[in-house]
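Residue numbers for the sequence shown, in the working numbering: 141 to 280. For each residue, glycine too, the CB sits at the ideal point set by N, CA and C. The structure appears below as structure tokens.
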Amino acid sequence: MTGRAAVAGTVGIVLVSHSGTVAESVAALATGLAGAGADAPVAPAGGTPDGGLGTSAELIAEAARSVDGGAGVALLVDLGSAVLTVKAMLAEGDELPDGARLVDAPFLEGAVAAVVTASTGAGLAAVAAAAGEAYGYRKE
């Protein structure tokens, strides 16, 4: 798993995709675009443990633990079953760190906004809000 490790007091970010390659690429792009001062912990959780397409509660839980610095973990997801997997994990309540939250945001743009905002030391609510605001980024 690639990504940045937990930083105490900083919101962690987990990027959940059906593809390991996509999750890793979005993590790399988001941290790269956030700039040199960005230190938010980010971890991809993509695909299945054997490298196939799909989602894995095991990989998501591992990624969330790796970025949990005690300030909460924002989980951004790509598609349907990733949403369902994270919702089920949150409902069970024992696989994800306390303060884990599913964030309603576009996957790529939301990831960039989340990393930038978390790197400022903002709390989980602000990170989630910034990521969600990415729905408003117009391209025309």
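With 16 or more other Cβ atoms from the protein chains shown falling within 10 Å of its own Cβ, residue 208 counts as buried. Excluding its 5 nearest sequence neighbours in each direction, residue 228 has C-beta neighbours in its own chain below 8 Å: 197, listed in chain order. Unbroken alpha helix (DSSP H) runs of no fewer than 4 residues, entirely contained in the segment 200-271, are found at 220-232 and 247-259, following chain order. In the displayed model, residue 196 falls within coil according to three-state DSSP, outside both helix and strand. Assigned with DSSP and collapsed to three states, residue 159 falls in coil, not helix or strand.
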